Structures are given as C-alpha cells and as structure tokens.
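See structure below.
Numbering (mature numbering (1 follows the signal peptide of the UniProt record, and there is no 0)), first residue to last: -21 to -1, 1 to 133.
Below you can see the structure in the form of structure tokens.
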C-alpha cells in the first residue's frame, strides 16, 4: 500500500511541474512564450511572412522578435533566433566590427539600408532547453542587446 501512495505522490509531482520547470522547445512555441512571460517579458505569439511561428517581445527598452527556424510545414521547428533592428543612420561598419570582435554569442550587422541589427541564435533541438538554461540565454540576450545599443549610440 505504501508503495502505491509513494508512486501517486511522485506522479502528482511530475504532472504538477510549473511551466518554468518544463523544457523550452521550438516544436512547442507556447513554451517559448511561457518562458519569456515567466522571466517577466511580454510575449505575443504570431506568425512570420512564411507562416512560421514568431514571438514579439521587448527588452532593454526596445522591441525584439524571436524567429523560429528549421521548421517543417510551419511547425516542428528546431532553433530560434532573437533579433532586434534599429532605425539609426550613421552607424559605421567599423563600429559593428569592433562590437562583434569583443562580444560572444550575438552578432551585429548593418542591413541593406545601413541600419544596425543584432541577432542571437539558440538551439532548441532534441528536446529543448531547461527553463533555467533558457532564462540564462535570455539574460545573455538582454545584456548583449543593452551593450549593442550603447555601441551604436541608440
């Protein structure tokens, strides 16, 4: 009898895990939304121009997007990319190159209109990341986004 009680308690604990304890998985865009919200960010799930999932959010005083990549039929995605763009003329390629040379994990570039952009890829393949590791990646993104804004004087 005692073993059934113990198994029932364990099963209940597994089922009752909070969203933050569940893996953040690109095949389940709602887990990305839940993780962002759990970390205190706004998050709205929508779709990009090709129909893949897209999350709109914001940090460091600017809007950013989370794009989903390596999708099959607009679902079963494997990776995400945090992306922010700025309408800011006068940022030089030298400024972007210096920033890239001194920062890991994200990359900056100038788009076709010479406006600065920053991106950071996160691999959520093979079961995703723990909520804690995703939150750590999010903190890295937030920090790099702020540093990029300083570098481009935004």
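Glycine included, every Cβ here is placed at the ideal spot set by N, Cα and C. Remember, predicted model here, so these are calculated numbers, not experimental data.
For residue 42: DSSP bridge partner residues: Bridge partners of residue 42: 37.
Assigned secondary structure, residue 97 (DSSP; H/G/I helix, E/B strand, else coil): Three-state DSSP puts residue 97 in a strand.
Cβ-based neighbour list, residue 44, same chain, cut-off 8 Å, excluding 5 preceding and 5 following: Answer for residue 44: 33, 34, 35, 36, 61, 62 and 63, listed in chain order.
Span of the alpha helix (DSSP H), counted from its first residue to its last, around residue 89: In this chain, residue 89 is not harboured by any alpha helix (DSSP H); it is covered by the beta strand (DSSP E) spanning 86 to 89.
Residue 108 - DSSP class collapsed to helix/strand/coil: Collapsing the DSSP output to three states places residue 108 in a strand.
Counted within 10 angstroms of its Cβ, other Cβ atoms place residue 3 as buried (16 or more) or exposed: Answer is buried; the Cβ neighbour count reaches 16.
Cβ-based neighbour list, residue 53, same chain, cut-off 7 Å, excluding 5 preceding and 5 following: Here the set comprises 30 and 31.
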